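Novice:
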Amino acid sequence: MNKSSRMADLLAITSRLIACMEREVELLRAMKPQELRQLQQDKSTLSDAYRAFVLALKEPDVAADAVTDVLKNELMEATERFHATLQDNLRALRAMRDVNERVMRAVVQALEEPRLQVTGYNQRGALRRGRRQPAIGPAAVQQRA
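Reminder that position 132 of the sequence shown reads as 131 in numbering that gives the first Met the number 0, one-by-one numbering, no gaps.
1. By Cβ distance, which residues of its chain are closer than 6 angstroms to L56, with the 5 residues on each side in sequence left out?
2. Note the first and the last residue of the continuous alpha helix (DSSP H) segment covering V98.
3. How is P32 classed by DSSP in three states: helix, strand or coil?
4. Taking the straight line between their C-alpha atoms, what separation do you get for L26 and E100?
5. Across the stretch 35-48 and the stretch 66-77, are there enough close Cβ pairs to call them in contact, namely three or more that are closer than 8 angstroms?
6. Any idea what DSSP makes of V61, helix, strand or coil?
7. For T67, I'd like the list of residues in its chain whose CB is within less than 8 angstroms of its CB, leaving aside the five on either flank, ordered along the chain.
8. Out of K42, M20 and D8, point me to the one whose CA is closest to Q86's CA.
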């Protein structure tokens, strides 16, 4: 495979990876995490291919042919778009992670705070609180990076 065809393939992979990450950001903003599973698998596959083609371009090429300036410029523009999209994707993923962590902390805090059960009213009409502790015990949260 010559350098021009490698660069053309890298350009195609970069474009597909950009589209995949833009779609992921859309789904994250629309709060549709159930639709992310297949997209993340596609993103992983495209990322592996991207990495392989970038490494292949760094290898010395015995049958190196002249790469057109048009192809070089297209690849440079696609790479710039890729990096910008990568930053947007990273911000969206971090925001979603932060939201999930806050929700889980709130759930754990709610489970840990001592609550007395209301068992009815006393003779004066005020709420009577039970002496039993809640049936829910402490909870642990599994965290993934």
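All C-beta atoms, glycine included, are put in the ideal place defined by N, C-alpha and C.
Computed from a prediction, not measured in an experiment: that's the story for all the values here.
Specialist: Walking through what the data contain:
1. Around L56: R5.
2. D68 to E111
3. helix
4. 19 angstroms
5. no
6. Confidence at V61 is low in this model, with a pLDDT of 47, below 50, so its placement is unreliable and the value that follows should be read with caution. The DSSP-derived three-state label of V61 is coil.
7. S3
8. M20
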